[in-house]
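The structure appears right after this line, and notes come after that.
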Amino acid sequence: MNTFSQVWVFSDTPSRLPELMNGAQALANQINTFVLNDADGAQAIQLGANHVWKLNGKPDDRMIEDYAGVMADTIRQHGADGLVLLPNTRRGKLLAAKLGYRLKAAVSNDASTVSVQDGKATVKHMVYGGLAIGEERIATPYAVLTISSGTFDAAQPDASRTGETHTVEWQAPAVAITRTA
C-alpha cells in the first residue's frame with residue numbers, strides 16, 4: 007500500500023494551500039481540507055479536496071489553534087488512521103503539536119520529503135542545524151507533518167472538480183489563551 011486512505015489538510019496561509027493539496031493528492035486516496043471561509047473552501051475543491059470542513063464560530067478573542075479539539079474529533083470520527091499536512095509556519099507547528107497530542111500521533115516538523123511505505127509515512131528533514139538529513143518512519147496510526155515550502159509543486163485549480171462541504175462548529179477548549187488587544 008503506497009498511499010494513505012485519507013489525508014487531512016489545513017493551511018493558515020492561503021498561498022501554501024496549493025502545495026499542500028498537491029502533496030495530499032500524491033499521498034492519499036481521499037483528501038479532506040479544513041478551511042476558515044467559503045472562498046478557501048471553493049479553492050480547496052478546485053485543488054482536489056473531496057471533502058471540505060469549514061471551521062465555524064470561533065470568537066474573535068481566540069486563536070485559530072483552538073480549533074485543534076474539534077479538528078481532532080472530526081479526524082477520529084472519519085477513520086482510525088490518517089495523515090495530517092500543515093504548513094511549516096509558527097501557527098502550523100503549534101497546531102501540529104496540539105493535534106499530535108489529541109490524536110496520539112507522531113509529529114514531524116520541517117518535512118522536505120514525504121513518502122508512504124507499507125502504509126506508514128516516511129519523512130526526511132534537516133537535523134543538526136541543517137548539517138544532515140534525518141529520516142523518520144512514523145509508526146503511529148495518525149501522523150501529523152509540517153511541510154517545508156517547496157516540498158511539493160503547487161496543484162493547479164480545476165473548476166470542473168466537485169466536492170462536499172461540511173461545517174465544524176466551534177467548541178471552546180478547556181484551557182485557552184484569549185487576546186485582549
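Counting in this note's numbering, the sequence shown tops out at residue 187, every number present. Backbone N, C-alpha and C define an ideal beta-carbon position, used for all residues, glycine too.
Comparing alpha carbon positions, the residue from L53, V58, F158 and A78 closest to T119 is F158. Of the residues A32, G98, H57 and T184, the one whose Cα lies closest to the Cα of I81 is H57. Beyond the five residues adjoining it in sequence on each side, K104 comes within less than 7 Å, by CB distance, of E71 and A74 in the same chain, given in chain order.
The Cβ-Cβ distance between N62 and E170 does not fall below 7 Å. Just measuring C-alpha positions, the residue of E141, L92 and A86 sitting nearest Q123 is E141. Taking C-beta atoms under 8 Å as the contact rule, N38 and A160 fail to qualify, at a distance of about 19 Å.
As for any alpha helix (DSSP H) of minimum length 4 sitting wholly inside the region 55-129, the runs are 74-83 and 96-109, ordered along the chain. The closest CA to that of L42, considering only N35, T9, M69 and Q36, is found on M69. About 20 Å separates the beta carbon of I139 from that of L91, a gap too long to meet the 8 Å contact definition.
By the neighbour-count criterion, in which 16 or more other beta carbons inside 10 Å mark a residue as buried, Q162 falls on the exposed side. In the displayed model, Q31 falls within a helix according to three-state DSSP. Taking 7 Å as the cut-off, the beta carbon of Q49 is found no closer than this to the beta carbon of A165. Across the structure, I144 and D87 are spaced so that their CA atoms are roughly 12 Å apart.
Judged by DSSP secondary structure, G47 falls outside any beta strand (DSSP E) and instead within the alpha helix (DSSP H) spanning D44 to Q52.
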